[in-house]
Amino acid sequence: MTRCHYHRSLILALSAVAFTAAWMPSDVRPSPRESSASRHSTKWEKKQRWLEKRDMRAGDSDETSKAPFATIIGNGRIGSTLAEAGNCIVLGRDDNIDENGKGPILIATRNDALDGIIEKCPESRKCDLVFLQNGYLNSYLEQKGLLDNTQVLLYLSVTAIGAEAVDGVTAYNPEGLTAATGIHAEAFARRLSHLGLRCNVVDAASFKPAMFEKLMWIAVFMLIGAAKRCKSVGQAGSEHSGLVDELINELSAAVEKREAIQFPEGTVPRLNAYTDVVSDFPAAVKEFTWRNKYFFDLGDEEVPIHNTLLRECREGGLLDFSLE
1 MTRCHYHRSL ILALSAVAFT AAWMPSDVRP SPRESSASRH STKWEKKQRW
51 LEKRDMRAGD SDETSKAPFA TIIGNGRIGS TLAEAGNCIV LGRDDNIDEN
101 GKGPILIATR NDALDGIIEK CPESRKCDLV FLQNGYLNSY LEQKGLLDNT
151 QVLLYLSVTA IGAEAVDGVT AYNPEGLTAA TGIHAEAFAR RLSHLGLRCN
201 VVDAASFKPA MFEKLMWIAV FMLIGAAKRC KSVGQAGSEH SGLVDELINE
251 LSAAVEKREA IQFPEGTVPR LNAYTDVVSD FPAAVKEFTW RNKYFFDLGD
301 EEVPIHNTLL RECREGGLLD FSLE
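Per UniProt numbering, the sequence shown starts with residue 1, numbered consecutively.
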């Protein structure tokens, strides 16, 4: 049995609950390039307070006070934030991945970098790749033979490198919206917890509708915001709330029909509540192949509002891609 197959068998035996005990291989040592929260005093103080509430101290030598070791690819806003939990090595997208390394490999890059990273990854480490990207990845990952890999729905906004991360905790979902599934989901949740951020560890069946909800949030608020010349997703939600709700309902019905899944109750208020948290985020239709294309390809009969708005954006010169 290979290491990947062993891990996949093990995860099926685990309950899909948040991980509460840290683990780190004894032979793993932090790289000289390891980042720590001490680089940013405000975040360090926040982490210290968080640890104190759990009867720990950030300076403890106990292994349970450390985030599980991880390789992080990408040093942008998300990668830098994840590195602040420490006990990691940060690589560029063109750097080599250690064939003999251990632990999750967190890919914190844009979607267009995935091909190169996967191609350069040693075959024995491909099962450790963790995908954090926005958008619909299932077809892509299936083509790469990586559909069973760990995936994360990252409800996390970081406006600039070093800025305070805005967690996906809302009035409707106080437990947070970030979710992860797969063999490294628990390790990822532990890393976020060391930053005072929340992550729900779920099984694959629960992850699928959650993934489509995140995809709908991006598609709906960005599209309506662009079509109605809104500066932010918050403006789109407040000034066009009726259209937002109508489009969410249209897309959710089409997805349930296409994917044979059922969304949990509260999709509309859940997505609206998240918009309130990140209300200043600019509204623009981007990365069509990974985002709105899934819905556009469902056809005009299934998603007429969505496709009409997309064509209005095209006619208004608001798209930098073709719909054909």
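C-beta atoms are modelled at their ideal positions from N, C-alpha and C, and glycine is treated no differently.
Asked	Found
Taking only the alpha-carbon atoms, compute the straight-line gap between D112 and V202 and give it to the nearest angstrom.	27 Å
Are the beta-carbon atoms belonging to G234 and D167 less than 8 Å from one another?	no
So what does DSSP say about N200, is it helix, strand or coil?	strand
Identify every residue that forms a DSSP beta bridge with R132.	Contrary to the premise, residue 132 reads as Leu rather than Arg in this sequence. Partner(s): none; L132 has no beta bridge.
Along the chain, where does the beta strand (DSSP E) containing V278 start, and where does it finish?	No beta strand (DSSP E) holds V278; DSSP gives it neither H nor E.
Measuring alpha carbon to alpha carbon, tell me which of K257, I117, T71, A227 ends up nearest G103.	T71
Among residues of its own chain, excluding the 5 on either side of T267, which ones have a beta-carbon nearer than 7 Å to its beta-carbon?	E213, I248, S252
Where do the ends of the beta strand (DSSP E) carrying I89 lie?	88-91
For M216, which residues from the same chain have a beta carbon less than 7 Å from its beta carbon, with the 5 sequence-adjacent residues on both sides left out?	I248, L251, S252, L271
In whole angstroms, what is the alpha-carbon distance linking S80 and L298?	37 Å
Looking at the structure shown, is L223 part of a helix, part of a strand, or coil, going by DSSP?	helix
Just to confirm the assignment, what range does the beta strand (DSSP E) spanning L106 have?	105-107
By a C-beta neighbour count over all protein chains shown, 10 Å radius and 16 as the cutoff for buried, is S322 buried or exposed?	exposed
To the nearest angstrom, how far is the alpha carbon of G145 from that of G76?	27 Å
How would you write the range of the alpha helix (DSSP H) that I118 sits in, first residue to last?	114-120
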